[in-house]
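Asks: Take the sequence shown: its letters are residues -26 to -1, 1 to 309, numbered as in mature numbering (1 follows the signal peptide of the UniProt record, and there is no 0). Just passing along the structure, written as structure tokens.
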Amino acid sequence: MKIISKTFKLLTVAFLVLGLTGCSDDDDNNGGNPVQSTTVVDVALDNGLTSLAAALTATDLVSVLQGPGPFTVFAPTNAAFTDLLNATGLDLDNLSAAEEDLVRNILLNHVIIGENINSTALVNLGEGYRNTGATNADGDNLSLYFNTSNGVVINGVSTVDNADNTATNGVVHIVDTVIGLPTIATFATANPALSNLVSALALADTGTPTVPWIATVSDSEAGPFTVFAPINSAFEDLLLELDPSGNTALGDLDPATVNDVLLVHVANGNVRSTDLPNLQGTIPTLGGDLTLDVSTLTITDGNERETGIIAALVDIQAINGVVHAVDRVILPAAE
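Next up, the structure:
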């Protein structure tokens, strides 16, 4: 039966290729000849991405990507799919219902819906976040982070090798690695502006942390959590606040102290920016309550210090929670 199943899959992909290359737009004519419509699925097949075609077929996504779009697709190579299947043990010919949902979500994590973003636009932007077609358990679209400082790199793990394969309903960029469903750790490690936060998490883990920080934010099944993530300059300002001489580095701080600081940056639940008014002025973090002013997007800690939520960097959605960047490190109330 396995051989029959695999043969059927190969035939399905073959017929998909034939069907797509033969399709045309009957409404448009050029000198009396039909004008062929080339969708992002056609473009993927034209570039030999048969593993992607098989995965799209197995998860009923072909018709979605044949839609009007526009779509920006980061399409993994066949080798990238082989690596994924070997690492996970998934078999596209024999997916359970849960596995099919997982693979469909992973595939949609490679698709930006509603935008046609070529490589020039990405480079001009430099870095940033976009929503993908993938979702968390609540139906919120997962984010994708891109950085072009050294090529076009997605979520810190997948590099664009072949860009700007244009289609009538979007563009396909071929990438060298399957882009897994992002965790909070994915975005913390991918964005260089959050490198001090990653260092703080690692430092807290060297002591006796309330939770194993790196492992927890990396766990796709943990949470969900809401993280108010200080940018690098926020940690630099804190060190000067603690020691105006500038002689104290982040690594000099006591791990237990850093653990307590991290606790007031994390709340249970997936609290997106649109949910903040529902908190009625109080953020119940793991380290105690904070005061929230939604009108100014500011947080006041127990020491009457104000921290600003950076409006352009809210709702960075991971599979295990959501991240809002902040411009100042929040401190636990002095005892």
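Here a beta-carbon is modelled for each residue, glycine too, at the ideal position from N, C-alpha and C.
1) Whole-angstrom Cβ separation of V149 and I128, contact assumed at under 8 Å?
2) If you measure between the beta carbons of L224 and L177, is that distance less than 8 Å?
3) Take S123 as the anchor and find which of L116, S93, D112 has the nearest alpha-carbon.
4) The alpha helix (DSSP H) that contains P229, what's its start and end?
5) For P44 versus N90, is the C-beta spacing smaller than 8 Å?
6) Taking the alpha carbon of E195 as the point to measure from, which residue in S173, N206, P156 has its own alpha carbon closest?
7) Check R104 in the structure and name its three-state DSSP category.
8) Pair every Cβ in the region 197 to 208 with every Cβ in the region 165 to 179, then say whether three or more of these pairs are closer than 8 Å.
9) List the endpoints of the continuous beta strand (DSSP E) containing E215.
10) So what does P50 bridge to, in DSSP terms?
11) So, for P229: in the same chain, excluding its five sequence neighbours on each side, which residues have a beta-carbon less than 6 Å away from its beta-carbon?
12) Does DSSP put E278 in a helix, in a strand, or in coil?
13) Under a Cβ-count criterion, where at least 16 other Cβ atoms within 10 Å of its own Cβ denotes burial, should F120 be classed as buried or exposed?
14) Just confirm the distance between the C-beta atoms of N276 and L266, as a whole number of angstroms; I'd bet it's less than 8 Å.
15) For A18 and T133, what's the separation of their Cα atoms in angstroms?
16) Buried or exposed for T140, please, with buried defined as at least 16 other CB atoms from any protein chain shown within 10 angstroms of its CB.
17) Helix, strand or coil for V297 per DSSP?
18) I'd like to confirm the pairing. Which residues does DSSP put opposite N60 in its beta bridges?
19) To which residues of the same chain is V268 closer than 7 Å at the C-beta, ignoring the five residues directly before and after it?
20) Are T13 and N143 close, meaning C-beta to C-beta below 8 Å?
21) Taking the beta strand (DSSP E) that N115 belongs to, which residues open and close that run?
22) From F48 to G220, what does the alpha carbon distance come to, in whole angstroms?
23) Whose C-beta lies closer than 8 Å to the C-beta of D234 among residues of the same chain, with five residues either side of it excluded?
24) Straight-line CA distance for R302 to V232?
25) Please report the residue range of the alpha helix (DSSP H) in which I304 lies.
26) With distance defined between alpha-carbon atoms, name the residue in V131, V245, H239 nearest to L175.
27) Around the Cβ of A292, are there at least 16 other Cβ atoms within 10 angstroms (buried) or fewer (exposed)?
28) Near V297, what residues of its chain come up, given a Cβ to Cβ distance below 7 Å and the 5 sequence neighbours on each side ignored?
29) Taking only three categories from DSSP, how would you classify P251?
30) Pairing CB atoms from the region 77 to 86 with CB atoms from the region 103 to 117, are three or more of them under 8 Å?
31) So, at 7 Å on beta carbons, what are the nonlocal neighbours of S96 in its own chain, with the 5 sequence-adjacent residues on each side left out?
32) For the beta strand (DSSP E) containing A292, name the first residue and the last one.
33) DSSP on D20, reduced to helix/strand/coil?
Replies: So, to answer that:
1) I128 and V149 do touch by the CB rule: their CB atoms are close to 6 Å apart, below 8 Å.
2) The criterion of a C-beta distance shorter than 8 Å is satisfied by L224 and L177.
3) Out of L116, S93, D112, S93 has the C-alpha closest to the C-alpha of S123.
4) Taken as a continuous stretch (DSSP letters only), the alpha helix (DSSP H) holding P229 covers 229 to 237.
5) For P44 and N90, yes; Cβs fall inside 8 Å.
6) Nearest option by C-alpha distance: P156.
7) If DSSP states are grouped into helix, strand and coil, R104 belongs with the strands.
8) Yes, the region 197 to 208 is in contact with the region 165 to 179.
9) Counting along the chain, E215 falls outside any beta strand (DSSP E), though it belongs to the alpha helix (DSSP H) covering 206 to 216.
10) P50 is bridged to V149.
11) Sequence-distant partners of P229 (beyond 5 residues in either direction) whose C-beta falls short of 6 Å from its own C-beta, in its chain, are L177, A178, T180, G181.
12) Three-state DSSP puts E278 in coil, outside helix and strand.
13) Counting Cβ neighbours within 10 Å, F120 comes out buried, since at least 16 surround it.
14) According to the sequence shown, residue 276 is Gly rather than Asn. About 13 Å separates the two Cβ atoms, so there is no contact after all.
15) Spanning the two alpha carbons is a distance of roughly 17 Å.
16) Around the C-beta of T140, fewer than 16 other C-beta atoms lie within 10 Å, and the residue is accordingly described as exposed.
17) Note: V297 maps to strand in three-state DSSP.
18) Its beta-bridge partners do not exist; DSSP assigns none.
19) The answer, listed in chain order, is L250, P251.
20) Yes, these two residues count as a Cβ contact at 8 Å.
21) Run containing N115: 115 to 121, per the beta strand (DSSP E) assignment.
22) Computed Cα separation, rounded: 44 Å.
23) Hits under 8 Å: G261, P306.
24) One C-alpha to the other measures close to 15 Å.
25) Where I304 is concerned, there is no enclosing alpha helix (DSSP H), because DSSP gives it neither an H nor an E.
26) Looking at the Cα atoms, H239 is the closest of the given residues.
27) Buried, by the Cβ-count rule.
28) Only I158, F161, V201, A203, I290 meet the Cβ criterion.
29) If DSSP states are grouped into helix, strand and coil, P251 belongs with the helices.
30) Two segments are said to touch when three or more pairs of C-beta atoms, one from each, lie closer than 8 Å; by this definition the region 77 to 86 touches the region 103 to 117.
31) The sequence given here places Leu at residue 96; Ser does not occur at that position. F120, T122, V126, listed in sequence order.
32) Start and end: 290 to 292.
33) D20: helix per DSSP, three-state reduction.
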